[in-house]
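Chemist:
Protein chains: 2
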Amino acid sequence: MSDREATATPSPAPPAPTGPRPKVTNRGRFTVPIDSSNSDTTDVPEFEYFGVPGPRGRPPLTEYLDIWDVDMMKSPDESNKMDHHTMLYNSDYLIVRRGQEFQVKIAFNRPYKPAEDKIALEFVIGSSPQYSKGTYIPVFPTKDRQSPWEGRITNTSDNVVTMGITPSANCIVGKYHMYVAVATPHGIRRTRRDNSRDLYILFNPWVSADDVFLDNEKEREECVMTEMGIIYHGSHDDVAERDWNYGQFNYGVLDACLYIMDRAEMPITNRGDPIKVTRKASAMLNSRDDDGVLEGNWTGDYTYGVAPTSWTGSTEILLTYARSKTPVCYAQCWVYAAVFNTFLRCLGIPSRVVTNFFSAHDNDGNLKTDIILDENGRIDRNRTRDSIWNYHCWNECYMARPDLPPGFGGWQVVDATPQETSDGMYRCGPASVQAIKHGQICFPFDAPFVFAEVNSDVVFYCRRKDGTMEPVKVNRTHVGRKVLTKTPGDVTRRDITDQYKFSEGSTEERTVLEKAEEFGCKREKSSPVLADVDLVLPNLEVSVGNDFELDLEFINRSNQRCTVEVYISGNVVYYTGVTRSEFLFRNPTVTVGPQKSVKEVVMVESKNYLKYLVEQANLHFIVTGKIKETGQIVTAMKIVALHNPKLIVKVSAEGRVSEEMMATVEFTNPFSFNLEGVYIRMEGPGIMLPKYKYYSLITGGSSLVWTEFFTPQRAGETRVIATLDCPALRQVYGQAPVTINA
Amino acid sequence: MSDREATATPSPAPPAPTGPRPKVTNRGRFTVPIDSSNSDTTDVPEFEYFGVPGPRGRPPLTEYLDIWDVDMMKSPDESNKMDHHTMLYNSDYLIVRRGQEFQVKIAFNRPYKPAEDKIALEFVIGSSPQYSKGTYIPVFPTKDRQSPWEGRITNTSDNVVTMGITPSANCIVGKYHMYVAVATPHGIRRTRRDNSRDLYILFNPWVSADDVFLDNEKEREECVMTEMGIIYHGSHDDVAERDWNYGQFNYGVLDACLYIMDRAEMPITNRGDPIKVTRKASAMLNSRDDDGVLEGNWTGDYTYGVAPTSWTGSTEILLTYARSKTPVCYAQCWVYAAVFNTFLRCLGIPSRVVTNFFSAHDNDGNLKTDIILDENGRIDRNRTRDSIWNYHCWNECYMARPDLPPGFGGWQVVDATPQETSDGMYRCGPASVQAIKHGQICFPFDAPFVFAEVNSDVVFYCRRKDGTMEPVKVNRTHVGRKVLTKTPGDVTRRDITDQYKFSEGSTEERTVLEKAEEFGCKREKSSPVLADVDLVLPNLEVSVGNDFELDLEFINRSNQRCTVEVYISGNVVYYTGVTRSEFLFRNPTVTVGPQKSVKEVVMVESKNYLKYLVEQANLHFIVTGKIKETGQIVTAMKIVALHNPKLIVKVSAEGRVSEEMMATVEFTNPFSFNLEGVYIRMEGPGIMLPKYKYYSLITGGSSLVWTEFFTPQRAGETRVIATLDCPALRQVYGQAPVTINA
């Protein structure tokens, strides 16, 4: 039949069925859904018969060896948790580390006969356990039956057998269920599912076979076992400290960390690989793309959440996320880094928070940060777009890199702060610190981006009337001025700049930069002649609210008189280097005789900057100018991080485990103006969970005292830390050390 | 004052303001929002005065050199589009390629005086043009004023000046606006914004300075200039072809491709880098994460969209996405690859679609695909979870890799099909084909994953009663059996397997696999002894609806009699290797004398498989068994891709540009059953835009004829291609060549 006869309806097709489109399923694409949740489980059958039923139906499996009881030996003082360095976890379950033996006790209905009794411990993780995927692991007490996890009988006393199990050193990290199986002629018989026999298996920095092995007890103590941290900020020549309670052992934190991977739908089979775990987490710690843990906010308006400067630790954030299942408000770089650090230490991956002073950002892996001046040498704010962060915090985690050639294992940079411009990259790392130091940035992950953060040049351009621009000064030492982290086992800072860069001006340094250029990093080639006049700004330590003098020193190295038309711009800036507002401008003309130097004094009054201050009271002075005689450009920049008032924290001297103690926080409003909407937060590792108190008003000059009672859970040296935060005054800190006796 | 006196309210804090949380802004984080849209623009001011107004206010700028007209010389027959190989684009604008000179004519109010007149052509892209970011580029007619883009006067006749502009070979690719600026003593004066002077600048494979330079005219013709493509599918020993109209030159397609990058919020400054553009696009072509272009669907139910098998080309898909701004339904791997190919060719990046037969998938970069048999050697479907795709399509694009050591430029794998298990990777590549061939998979991006797709081993495990498993057979040649792409300038297929792998069994091959293992790819170590009995399945070419015989040949290489208990399983499978349902099962016992061979014939009847058929009529036969005497396991697998009926396409022999012609599509339903809800689609590059027709019913055995009239737009060899698609019968194709004379 022809077209006419066919039941043809005119194009276009009939309307598609209305209503919401059904979710597309996995059918046709996967045999089973990807197993990507540690909380989903399937129970293994209690009886598993062999073959088809006989003529007389299935025989009962009950008359064989029977299991009466299983003891996971999970109390903190038992060998398991001590041997595996997991005694500090506040948890109801057994927690052990992979690649190392742990013990369980099994009580039978009669003495166990190694010769005839065939038993196995079965470990299961996820919803579709498979032997070949490492999500179902049977462990046998005898050598003759092989399995990736070793098993042996370590002790037998009448009906009770103690069995030692050694998980493989690369097994999946997470929460397992355990069954005891007995093989009978007719089939396999298992213990009923019993949650109390669940156990967590973590990464193990103490075992050389584990990719996260760290062969240094002092660093392991710091980077895995220590809850109390110090994060550095401020400016490289006036470093400030921020205490942080990582709280990786607090109740519920480990489950929250596993939930983060579940929420990321990370395949279970990837969770034994520290590279994949850390990369995934770097994406998941921020809310971009994936409704991750923390929502970033740099605006200064935190009405709808907690100010980034107000947090005292990670516990509150992680537990809130696991409970609410929505991003927690708000974070800035050190909050991302601190919570990431908790995640890593909690799972057993050695990690530390580092601070890079003058971090080149949002410049997309180029080695240039541009500052544009007009023809008179005054900064052109509309055309100056790149930002140099006063400081930026990220994490280092310690692991082997089997995916790379030898030499790139060890410390790896991971960064959870969302970086906007790097090809939509809301994850960063792991990038080998060794690779960055040697400019070998051709290896994954995101090494060029991190390299730029510590190696960019600051280029001052002079913009001509016709729109073209000429580089007039290149500062090759400003960015990545200093990289700091906490000293293991001490409260002092440790300068690790040399782990990222060779010393300034060394031949290695030049080679490394050339190497990086081979791999596509763009640098400023030109090196403009130095101006005859040097401009030096002083180092200053100033408390917020004080007036101070800024002395500009002009040093004329030439043999002729120089007249400099100077533009002095004082700005309140965010720690991201972004300007909030210019509060000071001077335009003096300075004349310096040949080989002479002249001081120009600028008076900075608090009344001018106070009203603009944003959370991190940073003042940024940019001084630029043009030498009339030569047309040369002089420039200088200085960050002044104002010192905030302190909180006074006091704790009743000595303490004992389980005996109530008292902590007080005292604060005096040093200003003439009132502080409104004030939060004070307090907590202490092992002694006090996060607490906070709200004060609607603290009038100018007035004081307050907040007293809290608490009961230490464990012995040792620790600290009570506190913050005060309100829109008009942020990052006010205080802390007091305390010793708890057993 | 003390705590009591302070205006303290009990914790917790007062309720946060209700209502929806305001979107967090960029304030404090960026000086300006990231410039990530090519469609956003800011107009450059018409007058830009120098310095502050004088005492008598601003002088008029009107008495100076004036621009009367600008001619972009954009008609297809003018030199610009011919020289730049952009004459085929159906567009109202000038389209040129970077690193190569193009011409514009400027008419002034009087003859141009090179000595005194200061003019510049200004090119601007995005919403915050900056000289230092390459988004604002002034171009000067004289050498003395520098700029990254070269300019020169190529012709002057009285008031009219022809200027040649050479964009830098690494400039941003996208849509620019152009202004003509005249410098006067008082300021700069510009032409008013005029959209007709907008121009597109594309990648340039014809220029050696461009990273996408491809030094082979024949390949450039194919991989940049050719719209008509062939995509291979079926099975490696019975390859099928699918025609595809990439349509990269169709009206609106270029804008749609730029919209994709805008939608991805890809920073403008990244859009000159082919590595970043292709990586970003591989993420954006699928709807995962980012509401990208195409939604995947493998279920067989396409009620709410167009069946992946029904598309005839990319045009309809790209234009629909750009219009609706929501993902287009539905795609499978070849649709992703085909539309990605359009995107790449349209922007000027050389690219081709390749097909890998037996592609190892969803196994997360491991070099193992597991098939689990029970103790009797019968396949255990519940425990066999990995899938081997019968075939998988991805793209190769050609570019230098400055981010890697020398030797890894050239063809790069990019894949837009979302891969579920690879650490949540919904993007893939660019991965250097050279790096994959040599096992150098330590370099970005995603090389280990691609390496596994062509190099995995198929491991047959025998599962013991106690849950442990023993590898009984390892097939190291099954996966990545053949890689095909279209021959440049021809309609034949080209086998490029040797570009991905060294020849089987060669020493290089072994070295490469060891190298890959060094970088963490896990392989099956054991090599079980070969069974004494070989099992061989025949190559078959079968048409849908036919019964056929499957001959199993058992060859006994031993000197003893072998009795094989055989399990023959016939399954309808999706092209992803996932089983729809088992339609045939036999369990014969075959006895083969020493050094003898025996044939076992299995009758396959269409009535058994027809009712289960899914879109790509693939039958998968798995034959496994155990040799009673030795306990050895024998296995064999075979994919039979059933041949579908054809569409008959006829076109009136010769054609002329702009003269109407006629095409007819004929189809006869070869089955006894009715076909319902039938779509027929038809299109042809340069002659016919996509058309379709809907038939609600085509009764068994009946025929239809669909006639369409069309008017060719350009001369040359081309084809009319057509598809027929309905739930009961998919991927029915037809095509007819046609020559259009000028």
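These protein sequence lines map, in sequence, to chains A and B. Just so we're aligned, residue 1 is where the first sequence starts under the UniProt record's numbering, counting upward by one. Just so we're aligned, residue 1 is where the second sequence starts under the UniProt record's numbering, counting upward by one. Note that the Cβ used here is the ideal one computed from N, Cα and C, for glycine as well.
(1) If we ignore side chains and look at the alpha-carbon of each, how far apart do R714 (chain A) and Q499 (chain A) end up?
(2) Is the beta carbon of N356 (chain B) closer than 8 Å to that of V454 (chain B)?
(3) Kindly indicate which three-state DSSP category Q713 (chain B) falls into: helix, strand or coil?
(4) Would you tell me roughly how many angstroms separate the C-alpha atoms of D144 (chain B) and K118 (chain B), rounded to the nearest one?
(5) What residues of chain A sit near K118 (chain B), judged by a beta carbon separation below 8 Å?
(6) For Q130 (chain B), count neighbouring Cβ atoms within 10 angstroms of its own Cβ and tell me buried if that reaches 16, exposed if not.
(7) Do G409 (chain A) and A400 (chain A) have their C-beta atoms within less than 8 Å of each other?
(8) Kindly list, in the order they appear in chain A, the residues whose Cβ is closer than 7 Å to that of Q560 (chain B).
(9) Going residue by residue through the stretch 210-259 of chain B, where are the continuous beta strand (DSSP E) segments of at least 3 residues, counting only ones entirely within it?
(10) So, using beta-carbon positions, are D478 (chain B) and V458 (chain B) closer together than 8 Å?
(11) Please classify N741 (chain A) as buried or exposed, where buried requires at least 16 other C-beta atoms within 10 Å of its C-beta.
(12) Expressed to the nearest angstrom, what Euclidean distance is found between the alpha-carbon atoms of G520 (chain A) and A360 (chain A)?
(13) Using a C-beta to C-beta distance shorter than 7 Å, which residues of chain B count as neighbours of Y246 (chain A)?
(14) Which whole-angstrom value describes the C-beta separation of T589 (chain A) and E615 (chain A), a residue pair presumed to lie in contact below a C-beta threshold of 8 Å?
(15) Tell me which same chain residues have a C-beta within less than 6 Å of the C-beta of P737 (chain A), skipping the five on either side of it?
(16) When you compare the CB of Q130 (chain A) with every CB in chain B, is at least one pair closer than 8 Å?
(17) Give the range of the beta strand (DSSP E) segment to which P274 (chain B) is assigned.
(18) Closer than 8 Å, CB to CB, is Y469 (chain B) near chain A or not?
(19) Thinking C-alpha only, which one of B:K628, B:L619, B:A653 is nearest M637 (chain B)?
(20) Cutting at 8 Å between CB atoms, please list the residues of its own chain near N376 (chain A), excluding the five before and the five after it.
(21) Any chance the stretch 238-258 of chain B sits against the stretch 314-327 of chain B, with 3 or more Cβ pairs inside 8 Å?
(22) Residues in the same chain with beta-carbon distance under 6 Å from A331 (chain A), minus the five sequence neighbours each way, listed in chain order, please.
(23) Rounded to the nearest angstrom, what separates R383 (chain B) and D374 (chain B) at their Cα positions?
(24) Determine the burial state of V139 (chain B): buried for a count of at least 16 other Cβ atoms within 10 Å of its Cβ, exposed for fewer.
(25) Could you give the C-beta distance for N80 (chain B) and F102 (chain B), rounded to a whole number, given that I count them as a contact under 8 Å?
(26) The alpha helix (DSSP H) with I436 (chain A) in it runs from where to where?
(27) Is the beta carbon of G229 (chain B) less than 8 Å from the beta carbon of K482 (chain B)?
(28) With 8 Å as the threshold, decide whether the Cβ of F451 (chain A) is near any Cβ in chain B.
(29) In this structure, how does DSSP classify Y733 (chain B) when only helix, strand and coil are distinguished?
(30) Say whether chain A places a C-beta atom closer than 8 Å to the C-beta of V738 (chain B).
(31) Can you name the residues that DSSP bridges to P727 (chain A)?
(32) For D289 (chain A), which residues in chain B fall below 7 Å Cβ to Cβ?
(33) Does the beta carbon of T86 (chain A) come closer than 8 Å to any beta carbon on chain B?
(34) Which first and last residues belong to the alpha helix (DSSP H) in which T156 (chain A) is found?
(35) Can you tell me which of B:P712, B:T739, B:N669 puts its alpha carbon nearest to the alpha carbon of C726 (chain B)?
(36) What are the boundary residues of the beta strand (DSSP E) that includes W394 (chain A)?
Modeler: Considering the structure as presented:
(1) On the first sequence, residue 714 (chain A) is found 714 positions in, with the first residue counted as 1. On the first sequence, residue 499 (chain A) is found 499 positions in, with the first residue counted as 1. So the alpha carbons of these two residues sit roughly 36 Å apart.
(2) One-based indexing of the second sequence puts residue 454 (chain B) at position 454. One-based indexing of the second sequence puts residue 356 (chain B) at position 356. Remark: C-beta atoms of V454 (chain B) and N356 (chain B) approach each other more closely than 8 Å.
(3) Indexing the second sequence from 1 puts residue 713 (chain B) at position 713. Reduced to three states, the DSSP call for Q713 (chain B) is coil.
(4) Your numbering for residue 144 (chain B) matches position 144 in the second sequence. Your numbering for residue 118 (chain B) matches position 118 in the second sequence. Taking the straight line from one Cα to the other gives about 12 Å.
(5) Numbered from 1 along the second sequence, position 118 holds the residue referred to as residue 118 (chain B). Simply D466.
(6) The residue you call residue 130 (chain B) lines up with position 130 of the second sequence. Label assigned to Q130 (chain B): buried.
(7) On the first sequence, residue 409 (chain A) is found 409 positions in, with the first residue counted as 1. On the first sequence, residue 400 (chain A) is found 400 positions in, with the first residue counted as 1. A contact, by the Cβ cut-off of 8 Å.
(8) Position 560 of the second sequence, counted from the start, is the residue given in the question as residue 560 (chain B). Scanning chain A for C-beta atoms nearer than 7 Å to the C-beta of Q560 (chain B) yields nothing, as the closest lies near 28 Å away.
(9) 228-235, 238-245
(10) Counting from 1 along the second sequence, the entry for residue 478 (chain B) is found at position 478. Counting from 1 along the second sequence, the entry for residue 458 (chain B) is found at position 458. First, the residue type needs correcting, since residue 478 (chain B) is His and not Asp in the sequence shown. Contact flag set, yes.
(11) Residue mapping note: residue 741 (chain A) aligns to position 741 of the first sequence, counting from 1. When all chains shown are included, N741 (chain A) counts as exposed.
(12) The sequence position of residue 520 (chain A) within the first sequence is 520, counting from 1. The sequence position of residue 360 (chain A) within the first sequence is 360, counting from 1. Cα-Cα distance, rounded: 17 Å.
(13) Position 246 of the first sequence, counted from the start, is the residue given in the question as residue 246 (chain A). Residues of chain B passing the Cβ test: none, with the nearest at roughly 23 Å.
(14) The count along the first sequence starts at 1 and reaches residue 589 (chain A) at position 589. The count along the first sequence starts at 1 and reaches residue 615 (chain A) at position 615. With 8 Å as the limit, T589 (chain A) and E615 (chain A) do not qualify as a contact, their Cβ atoms being about 37 Å apart.
(15) For the purposes of this step, residue 737 (chain A) is taken as the residue at position 737 of the first sequence. R719.
(16) As a first step, residue 130 (chain A) is located in the first sequence; it is residue number 130 there, counting from the start. So, interface residue.
(17) On the second sequence, position 274 is the one that residue 274 (chain B) refers to. Looking at the DSSP string, P274 (chain B) is not in any beta strand (DSSP E); the run it does join, the alpha helix (DSSP H), is 274-284.
(18) Taking the second sequence and counting its residues from 1, the one referred to as residue 469 (chain B) is at position 469. Before going further, note that residue 469 (chain B) is Met rather than Tyr in the sequence given. Output row for M469 (chain B): interface = yes.
(19) In the second sequence, the residue the question calls residue 637 (chain B) occupies position 637. Closest by alpha carbon: B:L619.
(20) For the purposes of this step, residue 376 (chain A) is identified with residue 376 of the first sequence, where counting begins at 1. Result list for N376 (chain A): E565, Y567, K626, in chain order.
(21) Counting Cβ pairs under 8 Å, three or more are found: they touch.
(22) As a first step, residue 331 (chain A) must be located in the first sequence, where it is residue number 331. Cβ within range, chain order: L294, G296, P308.
(23) Taking the first residue of the second sequence as position 1, residue 383 (chain B) is located at position 383. Taking the first residue of the second sequence as position 1, residue 374 (chain B) is located at position 374. Across the structure, R383 (chain B) and D374 (chain B) are spaced so that their CA atoms are roughly 10 Å apart.
(24) In the second sequence, residue 139 (chain B) corresponds to position 139, counting from 1. So V139 (chain B) counts as buried.
(25) Locating residue 80 (chain B) in the second sequence gives position 80, where the first residue counts as 1. Locating residue 102 (chain B) in the second sequence gives position 102, where the first residue counts as 1. With a Cβ gap of about 5 Å, N80 (chain B) and F102 (chain B) count as contacting.
(26) Numbered from 1 along the first sequence, position 436 holds the residue referred to as residue 436 (chain A). First-last of the alpha helix (DSSP H) with I436 (chain A): 433-437.
(27) Here residue 229 (chain B) corresponds to residue number 229 of the second sequence, with the count starting at 1. Here residue 482 (chain B) corresponds to residue number 482 of the second sequence, with the count starting at 1. Cβ distance not < 8 Å, so G229 (chain B) and K482 (chain B) don't count as in contact.
(28) What you label residue 451 (chain A) is simply residue 451 of the first sequence in a count that begins at 1. Taking Cβ atoms only, chain B never reaches closer than 8 Å to F451 (chain A), which makes this a no.
(29) The residue you call residue 733 (chain B) lines up with position 733 of the second sequence. Strand, per DSSP.
(30) Numbered from 1 along the second sequence, position 738 holds the residue referred to as residue 738 (chain B). Chain A has no Cβ within less than 8 Å of the Cβ of V738 (chain B).
(31) Here the question's residue 727 (chain A) lines up with position 727 in the first sequence. Note: P727 (chain A) sits in no beta bridge, so no partner.
(32) The residue labelled residue 289 (chain A) in the question sits at position 289 within the first sequence. Those within 7 Å of D289 (chain A) in chain B are D289.
(33) In the first sequence, the residue the question calls residue 86 (chain A) occupies position 86. No, its Cβ sits nowhere closer than 8 Å to a Cβ of chain B.
(34) Locating residue 156 (chain A) in the first sequence gives position 156, where the first residue counts as 1. No alpha helix (DSSP H) contains T156 (chain A), which is instead part of the beta strand (DSSP E) from 150-157.
(35) Taking the first residue of the second sequence as position 1, residue 726 (chain B) is located at position 726. If we check each option's Cα against that of C726 (chain B), B:N669 comes out closest.
(36) One-based indexing of the first sequence puts residue 394 (chain A) at position 394. Looking at the DSSP string, the run of the beta strand (DSSP E) that includes W394 (chain A) is 387-399.
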